[in-house]
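In the working numbering, the protein residues as written are 1 to 208.
Just so you know, even glycine gets a beta-carbon here, dropped at the ideal spot from N, CA and C.
Here the structure is a predicted model, which means the values were calculated and not measured.
Remarks on the structure that follows.
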């Protein structure tokens, strides 16, 4: 694992960078930037608010190829079935084709979709930057809990593969309230302590 990480560091052409700190509870998303740079997200928010709903969950994943990403997507689709009043944005580092292929794999359904789940392909980390999702160091991936998590997921048939995106980009979950289009305020946040820490979506939503 260490050797692979070192090899990837040497081949990185665009290390993810953040222009701001991670958003915390009570913060507001940069509405102008969200509207200008992520029109597909704003369109989804408008649809949600127009239906009389306001709670939204942004799920930022690690790289495509990380077993935690695949497992997290499966969990989003599971929770979304019981949380119809919440709109879920699943933000992935790959392009649209790669994102849909991973969702199909995670849900074991060809062309998987759900009315309250919207995929956002973000290969240039625009939305990651708007929310300030952190970039991590090697220790995030070499913690003892990571090896245990890898073994547990492998037993479920979820394998670690070479990444699309950066292994150094952290995952994150933000539960927010949307009061109209790009007006978004943060209600709850989860930042993983290590690369294989799964978010408890139901617990986070219960706080919002």
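query, result
"Reduced DSSP secondary structure (H/G/I, E/B, other) of residue 77", "helix"
"Residue 84, buried or exposed, once every other Cβ within 10 Å from all chains shown has been counted against 16", "exposed"
"Beta-carbon proximity of residue 51 to residue 182, cut-off 7 Å", "no"
"Beta-carbon gap between residue 35 and residue 73 smaller than 7 Å", "no"
"Coil, strand or helix - residue 180 by DSSP", "strand"
"Residue 114 versus residue 103: straight-line alpha-carbon distance, rounded", "11 Å"
"Simplified DSSP state of residue 92, which is helix, strand or coil", "strand"
"Reduced DSSP category for residue 18 - H, G, I as helix; E, B as strand; rest coil", "coil"
"The alpha helix (DSSP H) enclosing residue 33, as first and last residue numbers", "31 to 37"
"Which listed residue (120, 168, 58) has its alpha carbon closest to that of residue 18", "168"
"Close-in-space but distant-in-sequence residues of the same chain around residue 129 (CB under 6 Å, 5 per side omitted)", "18, 19"
"DSSP state of residue 190 mapped onto helix, strand, coil", "strand"
"Segment limits, beta strand (DSSP E) that includes residue 60", "55 to 60"
"Paired residues, beta bridge with residue 121 - DSSP", "92"
"Bounding residues of the alpha helix (DSSP H) (the contiguous stretch that carries residue 203)", "201 to 206"
"Cβ distance (whole Å) where residue 22 is taken to contact residue 120 below 8 Å", "Their Cβ separation, rounded to whole angstroms, is 18 Å, which puts residue 22 and residue 120 out of contact at 8 Å."
"Which of helix, strand or coil DSSP assigns to residue 114", "strand"
"CA-to-CA distance, residue 179 to residue 26, given in whole angstroms", "14 Å"
"Exposure label - residue 96; buried when at least 16 CB within 10 Å", "exposed"
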